[in-house]
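Residue numbers (the working numbering): 43 to 212.
The C-beta atom is built at its ideal place from N, Cα and C for all residues, glycine as well.
In what follows, a single structure is set out as structure tokens and then discussed.
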């Protein structure tokens, strides 16, 4: 599907927030979904990612939406990554590193190896779920109360993670 049409379809689903689903199979599609998950969030975004692939999270629109989301002091972003190879030059990291409402964690390697998926949630009712991490093949749903299960998993994974101080990145 043409990226412009895909963007319009995702935006419509995000605006309706009625349980509508869409699949993605590329970095460009993933970036559109991530952008819209940030845009749809009213309180809390959670991410489980390998290393915040810059082709997705470094996308200018994604970075802009993340910064806008974090511009509200009552909004929270919690990011768990599996490989801490973050650098201050990463567009996403650079844009959010000084925000007080952001937390980054590194998942313990033994837990990472047992976790076959990645996901992102927006509040407790929108998500992008990548069943096979690193594939960019995923489903996104806007307006699904079952998202709470992923929110709960994210919370448990934080228990098996170490905090990352973005201020210490060189």
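Residue i - containing beta strand (DSSP E), residue span
| i | result |
| --- | --- |
| residue 65 | 62–66 |
| residue 136 | Unbroken run through residue 136 is the alpha helix (DSSP H), 133–138; no beta strand (DSSP E). |
| residue 202 | Segment: none, residue 202 is in no beta strand (DSSP E) and carries neither H nor E. |
| residue 173 | Residue 173 -> no beta strand (DSSP E), and no H or E assigned at all. |
| residue 182 | 180–184 |
Boundaries of the alpha helix (DSSP H) in which residue i is found, first to last residue
| i | result |
| --- | --- |
| residue 99 | 96–99 |
| residue 152 | 151–154 |
| residue 157 | That residue, residue 157, is in no alpha helix (DSSP H); it is neither H nor E in DSSP. |
| residue 103 | 102–112 |
| residue 47 | 45–58 |
| residue 124 | Note, residue 124: premise wrong, no alpha helix (DSSP H); not H, not E. |
| residue 73 | 69–82 |
Neighbour-count burial assignment, residue i, 16 or more Cβ in a 10 Å radius
| i | result |
| --- | --- |
| residue 162 | buried |
| residue 58 | exposed |
| residue 47 | exposed |
| residue 173 | exposed |
| residue 122 | buried |
| residue 251 | Within the shown structure, residues of the chain are numbered from 43 to 212, placing residue 251 beyond reach of any answer. |
| residue 50 | exposed |
| residue 120 | buried |
| residue 129 | exposed |
Residue nearest to residue i in terms of C-alpha spacing, selected from the options
| i | options | result |
| --- | --- | --- |
| residue 114 | 169, 141, 211 | 141 |
| residue 211 | 127, 97, 86, 112 | 127 |
| residue 101 | 201, 136, 202, 175 | 136 |
| residue 60 | 185, 208, 206, 205 | 185 |
| residue 132 | 198, 98, 170, 88 | 98 |
| residue 84 | 208, 203, 168 | 168 |
| residue 89 | 62, 170, 116, 156 | 170 |
| residue 117 | 143, 96, 92 | 143 |
Cβ separation of residue i and residue j, assumed to be a contact under 8 Å, to the nearest whole Å
| i | j | result |
| --- | --- | --- |
| residue 261 | residue 53 | No answer is possible for residue 261: it lies beyond the span of the chain, which begins at 43 and ends at 212. |
| residue 94 | residue 134 | 6 Å |
| residue 158 | residue 179 | 13 Å between Cβ atoms; not a contact. |
| residue 139 | residue 208 | 4 Å |
| residue 63 | residue 82 | Rounded, the Cβ-Cβ distance is 14 Å, inconsistent with contact. |
Would you check if there are 3 or more beta carbon pairs closer than 8 Å linking the stretch 189–207 to the stretch 107–117? no
With a threshold of 8 Å, are at least 3 pairs of Cβ atoms found where one atom belongs to the stretch 161–176 and the other to the stretch 63–80? Yes, they touch.
Determine, using beta-carbon pairs with one atom in the stretch 134–152 and one in the stretch 64–73, whether at least three such pairs fall under 8 Å. no
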